[in-house]
Amino acid sequence: MESPRRLIGEILVEQGHTNSQSVTEALRTQASEGHVRKIGRILMDEHNMAGSSVIEALSMQFSLPLMDPARIPQSMPVDRVSFDFLKKAALLPISFDGKTMELAMADPSDMSAVESLHSSFDCKISLFLAPAEEILGALETLHASKSAVMQRLIEGVTDDATPEDEGEVSHLKDLAQEKGIIQLASLIIENAAKENSSDIHIEPSEDSVRVRYRIDGVLYEREVLPVKTQAALASRIKLLSHMNIAERRLPQDGRIRGRFAGKEIDIRVSTIPTVFGESIVMRLLDKETAFISLEEIGFDSELLVKYEELIKKPYGMILMTGPTGSGKSTSLYASLDKINSPDQKIITIEDPVEYLIRGINQIQVKPAIGLDFASGLRHIVRQDPDIIMVGEIRDLETASIAVHAALTGHLLFSTLHTNDAPSAITRLVEMGVENYLVSSTLMGAAAQRLVRRICPDCKEEYTVPEDIRKQFALKTDKLFRGSGCNRCMETGYRGRIAIFELLVIDEEIRELINQRASVRQIREAAARCGMRTLREDGLNKAMKGITTLDEVLRVTQSGL
């Protein structure tokens, strides 16, 4: 049986650093404060004890070695760890070789943060002790050093205003080829890739340039650059994405392909002119990430049975609806993968082709040479396909060809930008498609949104207030949330999952479409047939502990 750990007060008295009376007074103070401060901290704050004495006593108490000050790292040895997390826990990573992380800590009685790092990096942890002041000072230095890397790059950019002459192409190219700006652009993309960002937003204002990353659907500000970097940074990104570097009056689109943060990434780049310069958005597509299954996306067993019945029909049209960035394309890819087989010919036309699927013929839209959705779809029908996927129905011409294809024995998948599933019907009619054609071809429509998953490492249960439980008709008074940890960057969320609203077109709905019924009438009929709304599916996932009530309300808004 392991002997009980000696008390730190006893060790400090034994070592001659204090006396019994001081320890007794410190214990009284601790009790009166509700044990908020440790005995060692009270002795340091109120009895002038040196921090080194407390650390030496802790070293004896927990049998842990002291950190040699000479081993304080010159640069942060690990990525993916926020300085705020390390400062809050008073932890200092000393070294990391991929298998073992050497870590200095000030309070060995609290191992929760250490366990979080162990879980995050899946490595052995070797602990050392050091005074909290020493650890915090080292962290401040390291943080300043990290910021200094970006600062050095910024300082290397020529302090030159944006040229007024639109013809000064050579000057713009010179700005874009400066070493500092090349490294700055690369660092912004590298950092975004490391944080698994989906988008980078570079936004100029009157006195600065703001850089924000979208992570799990939410924007986070990462850098505020001086305004002098705007022209050079925009020129560099436009050069990389094969845009017209001299054109700053019109919006442009381009693409960057390369390896960043060890991943092969395809970046879609969009620029628009603003009052203070060009605003740039870069969408990052990780080409090495395999697309996920319908189950992983968010289809539960009940919904999956209904949806699989739809996608296994021999002909008809199935639509995915939702705003940009709601995961529609991912759901379509998963659907095609589910029904992909050697006896089926599948052709897609997309903008862009986000994932490559073996056994499927995929076409990239190229408007510059006249290959848009409508013209591409017209030629696809002549290729004798069984299944067709059109990236988006944007106009009457594309909608008409899609409906014709569905009428003539093809199973067709596409997307629409509508708020819910019933609205897909009225959108097609508003485009100019006859309502009887919609009722004849549309088999089903699914609306979706993406909600953030609760971080599994800091997931905690809480009691829902009675008024909230009644307002949303929750079947439980216990829900879950994330308290925030290193693995989720203190947000409480990690990863995303979709919530769905699946409208299956039955005879009652077909009759309503023929009668030009309103969206409200169609929705009410669908609800009578068992359709779960987006909010209902979201609340179901919240009650299962997958996401939070706040997330569901954030993406569904009132009335959905």
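Take 5 as the starting number for the sequence shown in the working numbering and just add one per residue. C-beta: ideal position from N, C-alpha, C; glycine also.
Q | Nearest-angstrom Cα separation, counted from A117 out to A93 | A | In the sequence shown, residue 93 corresponds to position 89, counting from 1. In the sequence shown, residue 117 corresponds to position 113, counting from 1. Their backbone Cα atoms lie some 6 Å apart in a straight line.
Q: Assign Y337 to one of two classes, buried (16 or more other C-beta atoms within 10 Å of its C-beta) or exposed (fewer than that).
A: Within the sequence shown, the letter at position 333 stands for residue 337. The residue is buried, with at least 16 neighbouring Cβ atoms inside 10 Å.
Q.
Nearest by alpha-carbon distance to V442: which of S427, R453 and E268 is it?
A. By one-based count along the sequence shown, residue 442 stands at place 438. Closest by alpha carbon: S427.
Q: Have a look at L191 and E268 and give me their C-alpha separation to the nearest angstrom.
A: As a position in the sequence shown, residue 191 is number 187, starting the count at 1. As a position in the sequence shown, residue 268 is number 264, starting the count at 1. C-alpha separation (whole angstroms): 16 Å.
Q: Measure how close the beta-carbons of L140 and M80 come, nearest whole angstrom, since I'm counting them as under 8 Å.
A: For the purposes of this step, residue 140 is identified with residue 136 of the sequence shown, where counting begins at 1. For the purposes of this step, residue 80 is identified with residue 76 of the sequence shown, where counting begins at 1. The Cβ separation is near 14 Å, so there is no contact.
(Q) If I follow the unbroken beta strand (DSSP E) through K482, where does it start and stop? (A) By 1-based counting over the sequence shown, the position of residue 482 is 478. Per DSSP, K482 belongs to the beta strand (DSSP E) from K482 to G486.
Q: With DSSP collapsed to three states, give me the class of M547.
A: In the sequence shown, residue 547 corresponds to position 543, counting from 1. DSSP places M547 in helix when its eight states are reduced to three.
Q) What are the partner residues of H205, as DSSP defines its beta bridges? A) To locate residue 205, count along the sequence shown from 1; it is residue 201. Paired residues: R216 and V285.
Q) For F264, which residues from the same chain have a beta carbon less than 7 Å from its beta carbon, with the 5 sequence-adjacent residues on both sides left out? A) Taking the first residue of the sequence shown as position 1, residue 264 is located at position 260. For F264, where only same-chain residues beyond five positions count, the Cβ hits under 7 Å are I193, E194 and A197.
Q.
Less than 6 Å between C-beta atoms, sequence neighbours within five positions excluded: which residues of the same chain meet that for G549?
A. Taking the first residue of the sequence shown as 1, we reach residue 549 at position 545. Excluding residues within five positions, the ones whose Cβ falls inside 6 Å are F484.
Q. Tell me the DSSP bridge mates of G262?
A. To locate residue 262, count along the sequence shown from 1; it is residue 258. I269.
Q) Are the beta-carbon atoms belonging to G302 and I458 less than 7 Å from one another? A) The residue you call residue 302 lines up with position 298 of the sequence shown. The residue you call residue 458 lines up with position 454 of the sequence shown. No.
Q) Do the CB positions of G62 and L121 come within less than 7 Å of each other? A) Numbered from its first residue, the sequence shown carries residue 62 at position 58. Numbered from its first residue, the sequence shown carries residue 121 at position 117. A small fix is needed here, since residue 62 is Leu in this sequence, not Gly. Not in contact: L62 and L121 (Cβ atoms no closer than 7 Å).
(Q) Helix, strand or coil, according to DSSP, for Q25 in the structure here? (A) Position 21 of the sequence shown, counting from 1, holds the residue named residue 25. It is helical.
Q.
If contacts are defined as beta-carbon pairs under 8 Å, then I351 and Q387 qualify, I think. What distance do you get, rounded to the angstrom?
A. One-based indexing of the sequence shown puts residue 351 at position 347. One-based indexing of the sequence shown puts residue 387 at position 383. With a Cβ gap of about 6 Å, I351 and Q387 count as contacting.
Q. Hey, would you say I391 sits closer than 7 Å to L415, going by beta carbons?
A. As a position in the sequence shown, residue 391 is number 387, starting the count at 1. As a position in the sequence shown, residue 415 is number 411, starting the count at 1. Contact: yes.
Q. Where S339 and T412 are concerned, what is the direct C-alpha to C-alpha distance, given to the nearest angstrom?
A. The residue labelled residue 339 in the question sits at position 335 within the sequence shown. The residue labelled residue 412 in the question sits at position 408 within the sequence shown. Answer to the nearest angstrom: the Cα atoms are 21 Å apart.
Q. Applying the criterion that 16 or more other CB atoms from any shown protein chain within 10 Å of the CB defines a buried residue, is E555 buried or exposed?
A. Indexing the sequence shown from 1 puts residue 555 at position 551. Buried: at least 16 other Cβ atoms inside 10 Å.
Q) For A502, which of helix, strand or coil comes out of DSSP? A) Along the sequence shown, read from residue 1 onward, the residue named residue 502 stands at position 498. Residue state, collapsed to three classes: strand.
Q: Indicate whether the contact test is met: 3 or more Cβ pairs, each with one atom in the segment 473–482 and one in the segment 492–511, closer than 8 Å.
A: no
Q: Mark N248 as exposed unless 16 or more other C-beta atoms lie within 10 angstroms of its C-beta, in which case mark it buried.
A: If you number the sequence shown from 1, residue 248 lands on position 244. Exposed, since its Cβ has fewer than 16 Cβ neighbours within 10 Å.
Q) What span of residues does the beta strand (DSSP E) with P97 cover, start to end? A) Translated into the one-based positions of the sequence shown, residue 97 becomes position 93. Here the beta strand (DSSP E) through P97 covers L95 to F100.
Q) For E282 and chain B, any beta-carbon pair shorter than 7 Å? A) Going by chain labels, chain B is absent from the structure shown, which holds only one protein chain.
Q: Might you give, ordered along the chain, the residues of its own chain that have their beta carbon closer than 7 Å to the beta carbon of S201, omitting 5 neighbours on each side?
A: Counting from 1 along the sequence shown, the entry for residue 201 is found at position 197. The answer, listed in chain order, is Y217, R218, I219 and L288.
Q. Residues bridged to K463 by DSSP?
A. Residue 463 sits at position 459 when you count from the first residue of the sequence shown. G486.
Q.
Within the continuous alpha helix (DSSP H) that includes F125, where are the two ends?
A. Position 121 of the sequence shown, counted from the first residue, corresponds to residue 125. Run containing F125: S116 to F125, per the alpha helix (DSSP H) assignment.
Q. Looking only at C-alpha atoms, which of T495, L543 and I472 sits nearest to K463?
A. For the purposes of this step, residue 463 is taken as residue 459 along the sequence shown, with counting starting at 1. Among T495, L543 and I472, the Cα nearest to that of K463 belongs to T495.
(Q) On the CB-based measure, 16 or more other CB atoms within 10 Å of its CB, does P135 come out buried or exposed? (A) Start at 1 with the first residue of the sequence shown, and residue 135 comes out as number 131. Classification of P135: buried, given that the 10 Å Cβ count is 16 or more.
(Q) So, with DSSP's three-state summary, where would you put N365? (A) Position 361 of the sequence shown, counted from the first residue, corresponds to residue 365. Here N365 sits in strand by DSSP.
Q. Taking contact to mean at least 3 C-beta pairs separated by less than 8 Å, is the segment 109–116 in contact with the segment 47–54?
A. no
Q | Outcome for N423 when other beta-carbon atoms lying within 10 angstroms are tallied against a minimum of 16 | A | Taking the sequence shown and counting its residues from 1, the one referred to as residue 423 is at position 419. It counts as buried.
Q) By how many angstroms is the C-alpha of S297 removed from the C-alpha of L478? A) The sequence position of residue 478 within the sequence shown is 474, counting from 1. The sequence position of residue 297 within the sequence shown is 293, counting from 1. If you take the alpha carbons of L478 and S297, they lie about 29 Å apart.
Q. If we ignore side chains and look at the alpha-carbon of each, how far apart do N544 and A451 end up?
A. As a first step, residue 544 must be located in the sequence shown, where it is residue number 540. As a first step, residue 451 must be located in the sequence shown, where it is residue number 447. Taking the straight line from one Cα to the other gives about 16 Å.
Q. Any idea what DSSP makes of E37, helix, strand or coil?
A. For the purposes of this step, residue 37 is taken as the residue at position 33 of the sequence shown. Coil at E37, not helix or strand.
Q | Nearest candidate by alpha-carbon position, reference I185, set L223, L229 and S86 | A | Within the sequence shown, numbered from 1, the residue matching residue 185 stands at position 181. Comparing Cα-Cα distances from I185 to each of L223, L229 and S86, the minimum goes to L229.
**Q.** C-beta atoms of M447 and I517 nearer than 7 Å
**A.** The sequence position of residue 447 within the sequence shown is 443, counting from 1. The sequence position of residue 517 within the sequence shown is 513, counting from 1. No, the Cβ-Cβ distance between M447 and I517 is not below 7 Å.
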